[in-house]
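Residue numbers (the numbering used here): 1 to 262.
Every residue gets a Cβ at the ideal spot worked out from N, C-alpha and C, and that includes glycine.
Keep in mind it's a predicted model, so treat the numbers as computed, not measured.
Please read the structure below before turning to the comments.
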Ligand code: 5RP
């Protein structure tokens, strides 16, 4: 990797654990108003202090984030369809590379819809184009896989989507946790992070994060299970205990309760 690419790539990882927590608050770009993200400033600060990177849209970044932020930004650069559209995530490039540079993005994120009849080809080519442009400027690309309806998110599908994304040149892949997750991480050429998905009880979300780390994930890219938690700051710290400090699920959940009730 060239110096700029290496530096941006390294910036999203915790230097001690070598792992990462992206705090994902980009949901509004296709879901509109989202529970927990009404007041974006409140949803981001001070939770972001306990994460390694912030994943969001350019609109939210400009409107709601203090430019004094000391965390790397993972910028969403794809869009095209909304939650109302059956063809969810038939996305194209919606933010140019110059804008990503202007916003000092450490990484750009593009959603690819592998295995769908209507949007596979477009999104695979869109991802490839983003990678081409981002590489020119030394910016790593995060491929976001498997968001959308009707997908069978098993290890066979997720390892295919992950491996394809890496082969296309993504420097990191975001996917979902599944049974036999090691099959996904071991067949990837690049680090893999898991999305949290829909809000589930805190203990279950911590269990999922713990399992993903045990099975080779480089970290998590978590949104709803943080900002929709009863106590987002406590939940982010509990996730941090698992990802960065090797805590068990019980230890992390106890920490969550302690901070929440404290
Ligand atoms: C949507 C996204 C989200 O950032 C991603 O799904 C992570 O959020 P959550 O943990 O709520 O699933 O990329 O396209």
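Worksheet item: Could you give the C-beta distance for residue 146 and residue 175, rounded to a whole number, given that I count them as a contact under 8 Å?
Response: Counted from its first residue, the chain shown places residue 146 at position 146. Counted from its first residue, the chain shown places residue 175 at position 175. Rounded, the Cβ-Cβ distance is 6 Å, consistent with contact.
Practice prompt. Please specify which runs of the beta strand (DSSP E), each continuous and at least 3 residues long, are wholly inside the stretch 102 to 132, giving them in chain order.
Written response: You should have 105 to 112.
Practice prompt. Go ahead and label residue 180 buried or exposed: buried means 16 or more other beta carbons lie within 10 angstroms of its beta carbon, across all protein chains shown.
Written response: Stepping through the chain shown from its first residue, residue 180 is reached at position 180. Counting Cβ neighbours within 10 Å, residue 180 comes out exposed, since fewer than 16 surround it.
Fill in: Among 8, 29, 32, 66, the one whose alpha carbon lies nearest that of residue 44
As a position in the chain shown, residue 44 is number 44, starting the count at 1. The candidate whose alpha carbon is nearest that of residue 44 is 66.
Worksheet item: Closest by CA to residue 99, which one among 155, 130, 219, 7?
Response: For the purposes of this step, residue 99 is taken as the residue at position 99 of the chain shown. Comparing Cα positions, the closest option is 130.
Item to complete: Tell me, please, which residues DSSP counts as bridged to residue 75.
Response: Along the chain shown, one-based indexing puts residue 75 at 75. In DSSP, residue 75 forms a bridge with 56, 108.
Worksheet entry | Alpha carbon of residue 77 to alpha carbon of residue 108, nearest angstrom | Here residue 77 refers to the residue found at position 77 of the chain shown. Here residue 108 refers to the residue found at position 108 of the chain shown. Residue 77 and residue 108 have their C-alpha atoms some 6 Å from each other.
Worksheet item: So what does residue 173 bridge to, in DSSP terms?
Response: Mapped onto the chain shown, residue 173 falls at position 173. 143, 192, per the DSSP bridge assignment.
Discussion item. Once DSSP output is grouped into helix, strand and coil, what is the label at residue 217?
Written reply: Against the chain shown, residue 217 aligns to sequence position 217. Residue 217: coil per DSSP, three-state reduction.
Worksheet item: Given 8 Å as the limit, is there contact between the stretch 7 to 23 and the stretch 230 to 250, that is, 3 or more CB pairs closer than that?
Response: Result yes; three or more Cβ-Cβ pairs closer than 8 Å.
Practice prompt. Could you tell me if the beta carbon of residue 147 falls within a distance shorter than 6 Å of some heavy atom in the ligand 5RP?
Written response: Working through the chain shown from its first residue, we reach residue 147 at position 147. Residue 147: yes, Cβ under 6 Å from the ligand 5RP.
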